[in-house]
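Reminder that position 157 of the sequence shown reads as 145 in our numbering, one-by-one numbering, no gaps.
From the three backbone atoms N, C-alpha and C, an ideal C-beta is built for every residue, glycine too.
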Amino acid sequence: MDNAPYHSTLFERTPNQSWSKESLINFLQGKGIQSPPLAMKDQVWNIVKQNVAPKKYKLDELANEKGHRVLRLPPYHCQYNPSEMVWSECKRYYDAKISAIHPVTSDAVLGLWKEALEKVTPEKWKNYIRHTNSIIDKAWAQEQLIDASDILPVIIDTNDSDSDEDNYLTEGEESV
C-alpha cells in the first residue's frame, strides 16, 4: 500500500518534537503519565519518546481483523505497486474511449470505467505482479552492490598551508 493520506489515517495522532510543551504534557496526562512541573520542553519530549506507542493505522488494523497483513511502500516508489500499472492501463483505455461517447452521462462514464476494469484479466494481473517482482529484485541486487564500506571517505586536511586564495589576488595584494 502506498502512503497516501487516506491510507495512513492513524488511530491516535503521534506527538512529534514540533508540538508545544503544553500539548506534549497534555498527551502524557492523557496516558496517565506525569511530567516534572518545572521540566523544560526537551525533558518533556524525552519522556514522551519513551512512552509513545508505535503508529497504528486504521486500515492496517482492519486488514489484520480480516487475516491480512499490509505491506507499505517506501515513499515515492510507486513502481513497486502492480496496482499502479493496472490503474494506468484502465486510464489509458478510458481516455481512448471517452471522446466517442455522446452524450457523456454519469451512467456512460461508469459503464466505461467498468469496461476498462474488465479488460484487466487475471493473466494481466499475474504479468504485472511478475514485472513488479522483477523490478524489486533488480533494485535489491543493485542495493547489495552499494555497500557503505566500499565508499571511500573524503579527507580534508585543514592544516594544509597551500591555498587557492593566492590564485585570485592581484599583484601587490596580500591575503589576510
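Whole angstroms is fine: what's the gap from residue i's alpha carbon to residue j's?
i, j, result
"D125", "V58", "20 Å"
"I143", "Q38", "38 Å"
"V74", "R80", "10 Å"
"I117", "Q67", "11 Å"
"R1", "K85", "44 Å"
"A(-8)", "D145", "46 Å"
"A127", "W33", "37 Å"
"G20", "S11", "14 Å"
"D47", "P141", "As written in the sequence, residue 47 is Leu, which differs from the Asp given in the question. C-alpha separation (whole angstroms): 44 Å."
"F(-1)", "Y64", "24 Å"
"G99", "S87", "14 Å"
"M(-11)", "P25", "43 Å"
May I ask which residues mark the beginning and end of the alpha helix (DSSP H) holding residue i?
i, result
"C66", "Note, C66: premise wrong, no alpha helix (DSSP H); not H, not E."
"I21", "Unbroken run through I21: none, as it is neither H nor E."
"L50", "46 to 53"
"P3", "It is not in any alpha helix (DSSP H) - P3 carries neither H nor E in the DSSP assignment."
"K112", "110 to 133"
"V32", "29 to 39"
Helix, strand or coil for residue i? Go by DSSP, reduced to three states.
i, result
"L100", "helix"
"L(-2)", "strand"
"A88", "coil"
"R80", "helix"
"N14", "helix"
"L105", "helix"
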